[in-house]
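Here's the structure we're looking at; comments come further down.
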Amino acid sequence: MRGSKAFLSVATLTVAIAGCTVTPDVIKQSSVPKEVEARDAIGAILFDQRTHYIENQAFTISASNLRTLATKLDTPNYTYRLAAKPNQRTGIAVTATPKRPNLRSFTGVVFAVDAGKETLTISEICETNGPSKKPPIAPAAPKGPRDVIRCPMGSRSTIAVVAKQ
Numbered sequence: 001m002r003g004s005k006a007f008l009s010v011a012t013l014t015v016a017i018a019g020c021t022v023t024p025d026v027i028k029q030s031s032v033p034k035e036v037e038a039r040d041a042i043g044a045i046l047f048d049q050r051t052h053y054i055e056n057q058a059f060t061i062s063a064s065n066l067r068t069l070a071t072k073l074d075t076p077n078y079t080y081r082l083a084a085k086p087n088q089r090t091g092i093a094v095t096a097t098p099k100r101p102n103l104r105s106f107t108g109v110v111f112a113v114d115a116g117k118e119t120l121t122i123s124e125i126c127e128t129n130g131p132s133k134k135p136p137i138a139p140a141a142p143k144g145p146r147d148v149i150r151c152p153m154g155s156r157s158t159i160a161v162v163a164k165q
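Pasting the structure below:
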């Protein structure tokens, strides 16, 4: 009788430990909402940049000049930075650098492109292929209105990622 109680205790302990094991899929799922937060924040900033460009014929590197900045530039999960690409008249880059090691980094860009009688704004958001403390290098500006902005090696377009899901 004593042996069967010991076996039952060991079996119960094994099941309890197995139930507490965290798989890589669970860890990945827990990082997804934080990464969506960064992607959405960059999308909102790029939208604001387009609006600023329409009104001022230039992008801005100052968050205070953006109307509806949906996020602060420093959150518990990410730090955001704005930089002219290559200058405020032609483009802007926004990076999201994670504060936690299991998160992807993001870079969003918006460029003003001459389309003959008008100027178009074209944007893209790139995410690293895996967790990274270093955001992707800002993609090059398109040469014309029909050119596609390509994410650099080691990253991918978030638009393509959303389309696959």
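Per the numbering used here, the very first residue in the sequence shown carries number 1; after that it's consecutive. C-beta atoms are modelled at their ideal positions from N, C-alpha and C, and glycine is treated no differently.
Residue i, buried or exposed, once every other Cβ within 10 Å from all chains shown has been counted against 16
i	result
PRO139	buried
ILE54	exposed
VAL109	buried
GLU118	exposed
SER62	exposed
ALA115	exposed
ARG89	exposed
Separation of residue j from residue i, as counted between CA atoms
i	j	result
GLN29	GLU35	Since pLDDT at GLN29 reaches only 47, below the 50 mark, its modelled position is unreliable, and the value read off the structure follows with that caveat. For GLN29 and GLU35, the distance between alpha carbons rounds to 10 Å.
ARG146	LYS85	19 Å
ALA66	ALA44	In the sequence as displayed, the identity of residue 66 is Leu instead of Ala. Roughly 10 Å separates the two Cα atoms.
GLN57	ASN102	38 Å
ALA93	LEU82	6 Å
PHE59	ASP48	9 Å
PRO33	THR75	14 Å
ASN87	MET153	23 Å
Per DSSP, the bridge partner or partners of residue i
i	result
VAL113	LEU120
THR95	ARG81 and THR107
GLU35	None, per the DSSP bridge assignment.
ARG156	GLU127
Pair within 8 Å by beta-carbon distance, residue i and residue j
i	j	result
GLY91	ALA112	yes
PHE106	THR95	yes
PRO171	SER155	Given that the chain is displayed from residue 1 to residue 165, the structure contains no residue 171 and the question cannot be resolved.
GLU80	LYS99	The identity of residue 80 in the sequence shown is Tyr, whereas the question assumes Glu. No, these two residues do not count as a Cβ contact at 8 Å.
THR158	GLU127	yes
LEU73	SER123	no
ILE42	ILE125	yes
SER132	ARG104	yes
TODO: Could I get the ranges of all uninterrupted beta strand (DSSP E) runs contained in the segment 66-90, with 3 residues as the minimum, in chain order?
DONE: Within the segment 66-90, the complete beta strand (DSSP E) runs of at least 3 residues are 78-84.
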